[in-house]
Amino acid sequence: MEPRGYELLKIETKIDNLEKELSILFDDFRLTANKHVQDEKLRYDKLEKMSFCCLRLLEIYREYTKKLKK
């Protein structure tokens with residue numbers, strides 16, 4: 001079993017990576033929206049990616065808070 005501090009550091013790294021990924025996805029979506037792209041499927045796919053990233057981020061935050069409470 002890994003030391004508690006190391007486990008938290010690994011989770012913090014996951015959080016940082018997901019926050020960066022979400023930021024990139026949002027910027028990409030915003031650029032698409034600003035260009036008035038008519039392709040609804042493309043915008044839907046970008047929103048779907050953002051949603052999945054948000055769900056993963058929420059899951060990791062929950063894991064982090066559980067470990068902090070221990």
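One point on numbering: in the numbering used here, the residue at position 56 of the sequence shown is 56, and numbering is uninterrupted.
Positions of the beta carbon are idealized from the N, C-alpha and C atoms, including for glycine.
Taking the alpha-carbon of F29 as reference, which of L47, E21, L9 has the nearest alpha-carbon?
The residue labelled residue 29 in the question sits at position 29 within the sequence shown. Comparing Cα-Cα distances from F29 to each of L47, E21, L9, the minimum goes to L47.
Where E19 and Y44 are concerned, what is the direct C-alpha to C-alpha distance, given to the nearest angstrom?
The count along the sequence shown starts at 1 and reaches residue 19 at position 19. The count along the sequence shown starts at 1 and reaches residue 44 at position 44. Whole-angstrom Cα-Cα distance: 20 Å.
Could you tell me the distance, in whole angstroms, from the CA atom of A33 to the CA atom of R4?
Position 33 of the sequence shown, counting from 1, holds the residue named residue 33. Position 4 of the sequence shown, counting from 1, holds the residue named residue 4. Approximately 43 Å between the Cα atoms of the pair.
Would you give the residue range spanned by the alpha helix (DSSP H) that D39 belongs to?
Translated into positions along the sequence shown, residue 39 becomes position 39. That residue, D39, is in no alpha helix (DSSP H); it is neither H nor E in DSSP.
Is the beta carbon of M50 less than 8 Å from the beta carbon of L31?
On the sequence shown, residue 50 is found 50 positions in, with the first residue counted as 1. On the sequence shown, residue 31 is found 31 positions in, with the first residue counted as 1. Their beta carbons are not under 8 Å apart, which means M50 does not touch L31 by this criterion.
Compare the Cα-Cα distances from D16 to each of K70, L58, K67, K66 and report the closest residue.
Taking the first residue of the sequence shown as 1, we reach residue 16 at position 16. If we check each option's Cα against that of D16, L58 comes out closest.
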